[in-house]
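Q: Below is a structure I'd like to ask you about.
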């Protein structure tokens, strides 16, 4: 398990995702002030070129510098506001999801769906002696 | 800018990404021990159903409990090993990328590509007096 490479790829994925969120923020801002530009940016950004955030920004920079710089600024702001919350949050979400998936599966395996008398069932499955 | 929602969506995206990385780890492990199962898991996981990590795991759990549980375990391990590094790393990567994109653009804008005499150019563009 190459943790170093996984950290690297996860960082790239997360940076690209924040680029996407920054684009959405800018589209939302423009929708009120300048709908045609909002439409243009949304179209430009919907062609699947957002998988690689840096390549997307380079393309955008070549055709519309102002919007590209605006997204850079918002992305930096999002990085400051969002990233510190993620480790604890994702750890908790994964622990909870794992627990739920195991429980759901266990319930299915013993044919115990929507129990109406959990307490009784537990007593029944206790050691009979 | 709804930071709370962006934190939530970023968490979900990151959890799904770690599910994908966990699947890759398990496929790599199986490739040595049990190639047919590695092939089966890789095929099952390549149908675009990995965008939603939880839905993917539920589907897998229904058809192959052992592999699903193995991915749950690896994912939990990855969460512990990887997540804490991400905030600083992604912040630094974004700051560096922003700086580079702005510089590249500035260099293009003033037609200054691959300068052979940076020092001279700087002298030339100084106030002539």
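Chains as they are written, first to last, in my numbering: chain A, 123 to 251; chain B, 123 to 251. Just so you know, even glycine gets a beta-carbon here, dropped at the ideal spot from N, CA and C. Quick caveat, the model's predicted, so the values are computed rather than measured.
1) To which residues of the same chain is residue 149 of chain B closer than 6 Å at the C-beta, ignoring the five residues directly before and after it?
2) Listing by chain order, which chain A residues have their CB less than 7 Å from the CB of residue 147 of chain B?
3) What residues of chain B sit near residue 133 of chain A, judged by a beta carbon separation below 7 Å?
4) Starting from the beta carbon of residue 229 of chain B, find every residue of chain A whose beta carbon is closer than 9 Å, and list them in chain order.
5) Check whether the Cβ of residue 163 of chain A lies closer than 7 Å to any Cβ atom in chain B.
6) DSSP three-state label for residue 234 of chain B, please.
7) Does DSSP classify residue 248 of chain A as helix, strand or coil?
8) Straight-line CA distance for residue 126 of chain A to residue 203 of chain B?
9) Would you please state the rounded distance, in angstroms, between the beta carbons of residue 140 of chain A and residue 197 of chain A? I believe it to be under 8 Å.
10) Considering only C-alpha positions, which residue in the set A/135, A/143, A/217 and A/128 is nearest to residue 143 of chain B?
11) Quick one: using the 10 Å Cβ neighbour count with 16 as the cut-off for buried, is residue 195 of chain A buried or exposed?
12) Short of 7 Å in beta carbon distance, which residues of its chain neighbour residue 130 of chain A, apart from the five on each side in sequence? Order them along the chain.
13) Looking only at C-alpha atoms, which of A/223, A/189, A/207 and A/220 sits nearest to residue 151 of chain A?
14) Between which two residues does the alpha helix (DSSP H) containing residue 175 of chain B stretch?
15) Please confirm if residue 189 of chain B has its CB atom under 7 Å from at least one CB of chain A.
16) From this set, B/180, B/219, B/185 and B/132, which residue's C-alpha is nearest residue 302 of chain A's C-alpha?
17) Below 8 Å CB to CB, which residues in the same chain sit around residue 226 of chain B once its five sequence neighbours on both sides are set aside?
18) Which one of A/136, A/199, A/232 and A/213 has the shortest CA to CA distance from residue 173 of chain A?
19) Going straight from the alpha carbon of residue 155 of chain B to that of residue 147 of chain B, what length do you get?
20) Look at the alpha carbon of residue 215 of chain B and the alpha carbon of residue 200 of chain A, and state the distance between them as a whole number of angstroms.
21) What in chain B is Cβ-close to residue 203 of chain A, meaning under 9 Å?
22) Tell me which residue opens and which closes the alpha helix (DSSP H) that residue 166 of chain B is part of.
23) Who are the Cβ neighbours of residue 240 of chain B in its own chain at under 8 Å, not counting the five residues just before and after it?
24) Given a cut-off of 7 Å, decide if residue 213 of chain A and residue 205 of chain B are closer than it, judged by their beta-carbon atoms.
25) What do you get for residue 233 of chain B, buried or exposed, if any count of 16 or more other CB atoms within 10 angstroms of its CB means buried?
A: In terms of the structure at hand:
1) Numbered from its first residue, the second chain carries residue 149 of chain B at position 27. Result list for residue 149 of chain B: 160, 163 and 164, in chain order.
2) Position 25 of the second chain, counted from the start, is the residue given in the question as residue 147 of chain B. In chain order: 123.
3) Translated into positions along the first chain, residue 133 of chain A becomes position 11. Residues of chain B passing the Cβ test: 208, 211, 212 and 215.
4) The count along the second chain starts at 1 and reaches residue 229 of chain B at position 107. Those within 9 Å of residue 229 of chain B in chain A number zero; the least Cβ separation is about 12 Å.
5) Looking up residue 163 of chain A in the first chain gives position 41. Closer than 7 Å: no.
6) Working through the second chain from its first residue, we reach residue 234 of chain B at position 112. If DSSP states are grouped into helix, strand and coil, residue 234 of chain B belongs with coil.
7) If you number the first chain from 1, residue 248 of chain A lands on position 126. Below a pLDDT of 50, predicted positions are generally treated as unreliable, and residue 248 of chain A, at 40, falls in that range; no measurement from the model is reported.
8) Sequence index remark: in the first chain, residue 126 of chain A carries index 4 (1-based). Sequence index remark: in the second chain, residue 203 of chain B carries index 81 (1-based). Looking at the two C-alpha atoms, the distance is approximately 10 Å.
9) Along the first chain, read from residue 1 onward, the residue named residue 140 of chain A stands at position 18. Along the first chain, read from residue 1 onward, the residue named residue 197 of chain A stands at position 75. Cβ-Cβ separation between residue 140 of chain A and residue 197 of chain A: approximately 5 Å, consistent with a contact (criterion under 8 Å).
10) Locating residue 143 of chain B in the second chain gives position 21, where the first residue counts as 1. Selection A/135, A/143, A/217 and A/128 evaluated against residue 143 of chain B yields A/128 as nearest (Cα-Cα).
11) Taking the first residue of the first chain as 1, we reach residue 195 of chain A at position 73. Classification for residue 195 of chain A: exposed.
12) In the first chain, the residue the question calls residue 130 of chain A occupies position 8. Correct list: empty, nothing qualifies.
13) As a working note, residue 151 of chain A is residue 29 in the first chain. The candidate whose alpha carbon is nearest that of residue 151 of chain A is A/189.
14) Residue mapping note: residue 175 of chain B aligns to position 53 of the second chain, counting from 1. For residue 175 of chain B, the enclosing alpha helix (DSSP H) starts and ends at 175–185.
15) Stepping through the second chain from its first residue, residue 189 of chain B is reached at position 67. Between residue 189 of chain B and chain A, the shortest Cβ-Cβ separation is not below 7 Å.
16) Nothing about residue 302 of chain A can be reported from this structure: the residues present for chain A run from 123 to 251 only.
17) In the second chain, the residue the question calls residue 226 of chain B occupies position 104. Non-local beta-carbon contacts of residue 226 of chain B in its own chain, meaning distances under 8 Å to residues more than five positions away in sequence, are absent.
18) Against the first chain, residue 173 of chain A aligns to sequence position 51. Check the Cα spacing between residue 173 of chain A and each of A/136, A/199, A/232 and A/213: the tightest is with A/136.
19) Against the second chain, residue 155 of chain B aligns to sequence position 33. Against the second chain, residue 147 of chain B aligns to sequence position 25. A direct Cα-to-Cα measurement between residue 155 of chain B and residue 147 of chain B gives close to 13 Å.
20) Taking the second chain and counting its residues from 1, one reaches residue 215 of chain B at position 93. Taking the first chain and counting its residues from 1, one reaches residue 200 of chain A at position 78. Straight-line Cα distance between these residues: approximately 13 Å.
21) Numbered from 1 along the first chain, position 81 holds the residue referred to as residue 203 of chain A. Residues of chain B passing the Cβ test: 123, 125, 128 and 129.
22) What you label residue 166 of chain B is simply residue 44 of the second chain in a count that begins at 1. From DSSP, the alpha helix (DSSP H) with residue 166 of chain B extends over 157–166.
23) To locate residue 240 of chain B, count along the second chain from 1; it is residue 118. Low confidence applies here, because residue 240 of chain B scores a pLDDT of 43, under 50, leaving its location unreliable; read the following figure in that light. Nothing meets the Cβ criterion.
24) Counting from 1 along the second chain, the entry for residue 205 of chain B is found at position 83. Counting from 1 along the first chain, the entry for residue 213 of chain A is found at position 91. Remark: C-beta atoms of residue 205 of chain B and residue 213 of chain A approach each other more closely than 7 Å.
25) Within the second chain, residue 233 of chain B is the residue found at index 111, counting from 1. Looking at its Cβ environment, which holds fewer than 16 other Cβ atoms inside 10 Å, residue 233 of chain B is exposed.
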